[in-house]
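Novice: If you want my numbering, it's the 1-based position in the sequence shown plus 10. Even glycine gets a Cβ: it sits at the ideal position worked out from N, Cα and C. Just dropping this structure here.
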Amino acid sequence: MLEGGLSPTTFPPSPPPSLQELSQRRQFLREHAAPFSDFLTDSFGRQHSYLRISLTEKCNLRCQYCMPEEGVPLTPKADLLTTEEILTLARLFVKEGVDKIRLTGGEPLIRPDVVDIVAQLHRLEGLRTIGVTTNGINLARLLPQLQKAGLTAINISLDTLVPAKFEFIVRRKGFHKVMEGIHKAIELGYSPVKVNCVVMRGLNEDELLDFAALTKGLPLDVRFIEYMPFDGQMYLDTQYNSNLVTAPNTGNKWNFKKMVSYKEMLDTLRGRWPELEKLPEEESSTAKAFKIPGFQGQVSFITSMSEHFCGTCNRLRITADGNLKVCLFGNSEVSLRDHLRAGASEEELLRIIGAAVGRKKRQHAGMFSISQMKNRPMILIGPLPTSDQLTHVDTEGRAAMVDVGRKPDTERVAVASAVVLLGPVAFKLVQENQLKKGDALVVAQLAGVQAAKMTSQLIPLCHHVALSHVQVQLELDSMRHAVEIRASCRARGPTGVEMEALTSAAVAALTLYDMCKAVSRDIVLGEIKLISKTGGQRGDFHRT
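See the structure below:
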């Protein structure tokens, strides 16, 4: 057995390709590319040639902006994609035009068969680039094997160059292992080696110059990433290529004060190196690249918050449990795993994928007026069991919390909505993101998620629910100068989540009011209502 539990027969006996040979192969494929698939082209003409696959939900670090120290509840192993399912989906996407696959997590390098997966991907005709985004802890040990298997690109997450601060941020030791991994990548000829740094005010913005100075003698692309809000249903592998992992109470406590904007970071670097020059932007790149003359490497900025790059997005994501996400911040998910296991043919899978890609929005969900998005029809099926007794009072008429200890755990889903009538002036400012307080839709979306998680603290007799999923979607209605809010919550347990969904929608609406009140006091909060709920002894409810 090889290190990491790999079989000696993992790799074909032929000599491993060099980086030069891999580069030549990519050039050949580029020159002989087939017409791009309609299934991977959205309604705005964006061709999705880049697929990110999460290999695992697990991580060996506990970064403070990603997840709680104790970790998060993980999807049962049986519900995760198997290696063969990963490869089956990869083959299908590559056949349709995907030429770049990045392996993410969690932390992908803790998956025992990661080297074999890379080797299998390398055999796919048409695939030019196989990348990995890693925290670097296991990189130095595994990289020689990964390179032999066909790995062509590396992104390493590192948010500080101070060992003690590293341990504080990730709640684990390992700074020297990450640096060892970076140098091993350089030693093996990877150029550039991308280093992802999430910049947070009060934590590491004072290290911008130190990170940039690394590029003087090393072939690095140091990528400064604007601190992004990620709500209680997800954490990510640092860069804007996450696998979303359902989990309760894992928000990164994001606020505007922590975010250091791209322009502020750029000004800091230009204060030290005024000769800093802008490099041409690559097609579909998420980064704005700059170079200090005379330096070997470069620096880049991922401007997800201040200057989105949705218009050129060519990325799709498959989560570890097999869901296809066409947008990281979007609410659209399709389970490819379930269709695979149900025996769907290649043609059926392509129709499902094509439909999901076709529904991709022009910009992040909730950030733009999406006229073509319609609510799904809700069909009332069967009578609704009701009761003429209040459940939150005892026999003497006093307030009492319902005992749910004997109720069975079932899958609970609830959807609620609210409407905020802004008026023409406030609506225009929200639509164009011109409010002095910032992006009202982003803040309201985040507030709605936070509210869902805090419902039991706001509503006295509500049980605390371990939410597995929260989504808050905001749509601009230009006809009414309104924002329509739709909040959905999911959990598995003995009690429902309609109060969480209603609280989420209500607080998102109140937040919009707060963001816009300086412009107009004539804002009206429309009806807040439950749209649907499923699960539980009283049956399902769907508003007609």
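On the three-state DSSP scale, how would you describe residue 153?
Specialist: To locate residue 153, count along the sequence shown from 1; it is residue 143. The answer is helix: DSSP assigns residue 153 an H, G or I state.
Novice: What does the Cβ neighbour count give for residue 104, buried or exposed, with the cut at 16 atoms within 10 Å?
Specialist: Taking the sequence shown and counting its residues from 1, the one referred to as residue 104 is at position 94. The residue is buried, with at least 16 neighbouring Cβ atoms inside 10 Å.
Novice: At a cut of 8 Å, does the stretch 476-490 reach the stretch 459-466 through at least three beta carbon pairs?
Specialist: Contact between the stretch 476-490 and the stretch 459-466 is present, because at least three Cβ pairs lie under 8 Å.
Novice: Compare the Cα-Cα distances from residue 55 to each of 202, 146, 369, 70 and report the closest residue.
Specialist: Position 45 of the sequence shown, counted from the first residue, corresponds to residue 55. Minimum Cα distance to residue 55 is reached at 369.
Novice: In the DSSP output, what is residue 231 paired with across the bridge?
Specialist: The residue labelled residue 231 in the question sits at position 221 within the sequence shown. Beta-bridge pairing links residue 231 to 204, 308.
Novice: Terminal residues of the continuous beta strand (DSSP E) containing residue 114?
Specialist: Working through the sequence shown from its first residue, we reach residue 114 at position 104. Taken as a continuous stretch (DSSP letters only), the beta strand (DSSP E) holding residue 114 covers 110-114.
Novice: Quick check on residue 221: buried or exposed, where buried means 16 or more other Cβ atoms within 10 Å of its Cβ?
Specialist: Along the sequence shown, read from residue 1 onward, the residue named residue 221 stands at position 211. Answer is buried; the Cβ neighbour count reaches 16.
Novice: Using the Cβ count rule (16 or more neighbours within 10 Å means buried), how would you classify residue 106?
Specialist: Position 96 of the sequence shown, counting from 1, holds the residue named residue 106. The residue is buried, with at least 16 neighbouring Cβ atoms inside 10 Å.
Novice: Note down, in chain order, each residue of its chain lying with its Cβ closer than 7 Å to the Cβ of residue 509, except the 5 sequence neighbours on either side.
Specialist: Sequence index remark: in the sequence shown, residue 509 carries index 499 (1-based). So the qualifying residues of the chain are 465, 469, 472.
Novice: My guess is that residue 235 and residue 208 are in contact by the Cβ rule of under 8 Å, so how many angstroms apart are they, rounded?
Specialist: Indexing the sequence shown from 1 puts residue 235 at position 225. Indexing the sequence shown from 1 puts residue 208 at position 198. Their Cβ separation, rounded to whole angstroms, is 5 Å, which keeps residue 235 and residue 208 in contact under 8 Å.
Novice: Taking 8 Å as the threshold, find out whether the stretch 283-291 comes into contact with the stretch 299-315 through three or more Cβ pairs.
Specialist: Short answer: they touch.
Novice: I believe residue 372 touches residue 507 by the beta-carbon criterion, under 8 Å. Please report the beta-carbon distance rounded to the nearest angstrom.
Specialist: For the purposes of this step, residue 372 is taken as the residue at position 362 of the sequence shown. For the purposes of this step, residue 507 is taken as the residue at position 497 of the sequence shown. Actually they are not in contact, since the Cβ atoms of residue 372 and residue 507 sit about 30 Å apart, beyond 8 Å.
Novice: Can at least three beta-carbon pairs, one atom from the stretch 143-159 and one from the stretch 170-178, be found at a separation below 8 Å?
Specialist: No, because fewer than three Cβ pairs between the stretch 143-159 and the stretch 170-178 fall closer than 8 Å, the two stretches do not touch.
Novice: Tell me whether the beta-carbon of residue 517 lies closer than 9 Å to the beta-carbon of residue 451.
Specialist: Here residue 517 refers to the residue found at position 507 of the sequence shown. Here residue 451 refers to the residue found at position 441 of the sequence shown. Cβ distance not < 9 Å, so residue 517 and residue 451 don't count as in contact.
Novice: Checking the sheet assignment: what are the DSSP bridge partners for residue 543?
Specialist: The sequence position of residue 543 within the sequence shown is 533, counting from 1. Beta-bridge pairing links residue 543 to 424, 551.
Novice: Near residue 188, which residues of its chain fall below 6 Å by C-beta distance, leaving aside the five closest residues on each side in sequence?
Specialist: Here residue 188 is taken as the residue at index 178 of the sequence shown, counted from 1. Answer for residue 188: 146, 168, listed in chain order.
Novice: For the beta strand (DSSP E) that contains residue 538, what are its first and last residues?
Specialist: In the sequence shown, counting from the first residue as 1, residue 538 sits at position 528. Taken as a continuous stretch (DSSP letters only), residue 538 belongs to no beta strand (DSSP E), as it is neither H nor E.
Novice: By a C-beta neighbour count over all protein chains shown, 10 Å radius and 16 as the cutoff for buried, is residue 118 buried or exposed?
Specialist: As a position in the sequence shown, residue 118 is number 108, starting the count at 1. Under this definition residue 118 is a buried residue.
Novice: Have a look at residue 196 and residue 203 and give me their C-alpha separation to the nearest angstrom.
Specialist: Within the sequence shown, numbered from 1, the residue matching residue 196 stands at position 186. Within the sequence shown, numbered from 1, the residue matching residue 203 stands at position 193. C-alpha separation (whole angstroms): 7 Å.
Novice: Would the beta-carbon of residue 61 fall within 9 Å of that of residue 331?
Specialist: In the sequence shown, the residue the question calls residue 61 occupies position 51. In the sequence shown, the residue the question calls residue 331 occupies position 321. It is not a contact, given that the beta carbons lie outside the stated cut-off.
Novice: Shortest alpha-carbon distance to residue 278 belongs to which of 217, 87, 181?
Specialist: Residue numbering aside, residue 278 sits at position 268 when the sequence shown is read from its first letter. Out of 217, 87, 181, 217 has the C-alpha closest to the C-alpha of residue 278.
Novice: On the three-state DSSP scale, how would you describe residue 194?
Specialist: Along the sequence shown, one-based indexing puts residue 194 at 184. The answer is helix: DSSP assigns residue 194 an H, G or I state.
Novice: According to DSSP, is residue 172 helix, strand or coil?
Specialist: On the sequence shown, position 162 is the one that residue 172 refers to. The answer is coil: DSSP assigns residue 172 none of H, G, I, E or B.
Novice: Determine the direct distance from the alpha carbon of residue 232 to that of residue 320, and round the result to whole angstroms.
Specialist: Numbered from 1 along the sequence shown, position 310 holds the residue referred to as residue 320. Numbered from 1 along the sequence shown, position 222 holds the residue referred to as residue 232. Going by the C-alpha atoms only, they are around 22 Å apart.
Novice: Whose C-alpha, out of 456, 488, 448, is nearest the C-alpha of residue 438?
Specialist: For the purposes of this step, residue 438 is taken as residue 428 along the sequence shown, with counting starting at 1. Comparing Cα-Cα distances from residue 438 to each of 456, 488, 448, the minimum goes to 488.
Novice: Could you check which residue in 350, 433, 358, 311 has the C-alpha nearest to that of residue 92?
Specialist: The count along the sequence shown starts at 1 and reaches residue 92 at position 82. Residue 350 is the option with its Cα nearest to residue 92.
Novice: Can you tell which of 446, 544, 447 has the C-alpha that lies nearest to the C-alpha of residue 420?
Specialist: On the sequence shown, residue 420 is found 410 positions in, with the first residue counted as 1. The shortest Cα separation from residue 420 among 446, 544, 447 belongs to 544.
Novice: Residues in its own chain within less than 8 Å of residue 527 by CB, not counting five upstream and five downstream?
Specialist: The count along the sequence shown starts at 1 and reaches residue 527 at position 517. Here the set comprises 533.
Novice: Since I believe residue 312 is in contact with residue 5 (beta carbons under 8 Å), could you give me their beta-carbon distance rounded to a whole number of angstroms?
Specialist: Since the first residue of the chain shown is 11 and the last is 554, residue 5 is not available in this structure.
Novice: Bridge partners of residue 300, per DSSP?
Specialist: In the sequence shown, the residue the question calls residue 300 occupies position 290. BP columns for residue 300 point to 288, 309.
Novice: Quick one: is residue 178 buried, meaning 16 or more other Cβ sit within 10 Å of its Cβ, or exposed?
Specialist: Numbered from its first residue, the sequence shown carries residue 178 at position 168. Flag for residue 178 reads exposed.
Novice: Kindly indicate which residue of 181, 454, 136 has the alpha-carbon position closest to the one of residue 70.
Specialist: Translated into positions along the sequence shown, residue 70 becomes position 60. If we check each option's Cα against that of residue 70, 181 comes out closest.
Novice: Take the Cβ of residue 455 as the centre, count every other Cβ of all protein chains shown within 10 Å, and call the residue buried at 16 or more, exposed below.
Specialist: Working through the sequence shown from its first residue, we reach residue 455 at position 445. Looking at its Cβ environment, which holds 16 or more other Cβ atoms inside 10 Å, residue 455 is buried.
Novice: How is residue 355 classed by DSSP in three states: helix, strand or coil?
Specialist: Position 345 of the sequence shown, counted from the start, is the residue given in the question as residue 355. Residue 355 falls in the coil class under three-state DSSP.
Novice: Do you know offhand how far residue 355's Cα is from residue 101's?
Specialist: As a position in the sequence shown, residue 355 is number 345, starting the count at 1. As a position in the sequence shown, residue 101 is number 91, starting the count at 1. Going from the Cα of residue 355 to the Cα of residue 101 covers about 13 Å.
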